[in-house]
Structures are given as structure tokens and as C-alpha cells.
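**Q** Below: one structure in C-alpha cells.
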Amino acid sequence: GPINSTFNGALQVVDSKEPESYRLLIDVDGKIGQIAAKGHVRLAENHETTTVEVEGGSQLTGRLASMGQRLLSGVARMFTNQFFKALEREVSIRN
21 GPINSTFNGA LQVVDSKEPE SYRLLIDVDG KIGQIAAKGH VRLAENHETT TVEVEGGSQL
81 TGRLASMGQR LLSGVARMFT NQFFKALERE VSIRN
């Protein structure tokens, strides 16, 4: 069934090389486990467009680790989609 929990976390932007790239460090703690994640975002100008390349990984502990990759890949996909929708809104506002 569904699992409810409360999480506290921190996100750091490190190795920022504007406007080309930056890295994200994410640490999250909750009653059912912890998540340590890293991400690397690269932006490359490509004629009149920008290519965004995102890669990352995570380590989980506790009950979170036993839930499996299937659940976590869905959550990662949801956050990635939210990121790109927010980016698209921001770009349209500035143009």
C-alpha cells in the first residue's frame, strides 16, 4: 500500500561554471530512510537553441532502499519533467 513519511533535506549547487554547467548535491533524511544524490547539469549552445544534458545517481538506505528502482525512477522522471516545465516558463517570460 501507500507509504507516508516526512523528509527534511538540503540541496547544494556546487562547481557552478555559469552558464555552462553546475553540480547538485542532495541529502534527504526521513523516518523510512535516507537519500544521497548527485547530479550534473550541462548547457551547450547549439545554433539558436540550447542543449541541456542531465546525469545523476543516488544512494538510498532504510525502507527507501527496499522499495526498488522502479518507484525511484518514476519520482526522478517527475522531478525532471517539473524542472523542464519551469525552465520553459522562465525562458518564455524572459523572451
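The numbering used here applies: residue 21 is where the sequence shown begins, and numbers increase by one.
Ideal Cβ positions, reconstructed from N, Cα and C, are used throughout, including at glycine.
As the structure is a computational prediction, the values presented were derived from the model and not from experiment.
1) Residue 81 by DSSP, collapsed to three states: which one?
2) With respect to the beta strand (DSSP E) encompassing residue 46, which residues constitute its N-terminal and C-terminal limits?
3) What I want to know is whether the C-beta of residue 50 ends up closer than 7 Å to one or more non-hydrogen atoms of the ligand FAD.
4) If I'm right that residue 76 touches residue 48 with Cβ under 8 Å, what's the distance once you round it to whole angstroms?
5) Out of 80, 65 and 63, which one is the CA nearest neighbour of residue 52?
6) If you follow the beta strand (DSSP E) that residue 25 is part of, which residue opens it and which one closes it?
**A** Taking the geometry as given:
1) As a working note, residue 81 is residue 61 in the sequence shown. If DSSP states are grouped into helix, strand and coil, residue 81 belongs with coil.
2) Along the sequence shown, one-based indexing puts residue 46 at 26. Taken as a continuous stretch (DSSP letters only), the beta strand (DSSP E) holding residue 46 covers 41-50.
3) The ligand FAD is not part of the structure shown, which contains no ligands of any sort.
4) Taking the first residue of the sequence shown as 1, we reach residue 76 at position 56. Taking the first residue of the sequence shown as 1, we reach residue 48 at position 28. No, residue 76 and residue 48 are not in contact; Cβ-Cβ is about 14 Å, not under 8 Å.
5) As a first step, residue 52 is located in the sequence shown; it is residue number 32 there, counting from the start. If we check each option's Cα against that of residue 52, 80 comes out closest.
6) For the purposes of this step, residue 25 is taken as the residue at position 5 of the sequence shown. Run containing residue 25: none; DSSP gives neither H nor E here.
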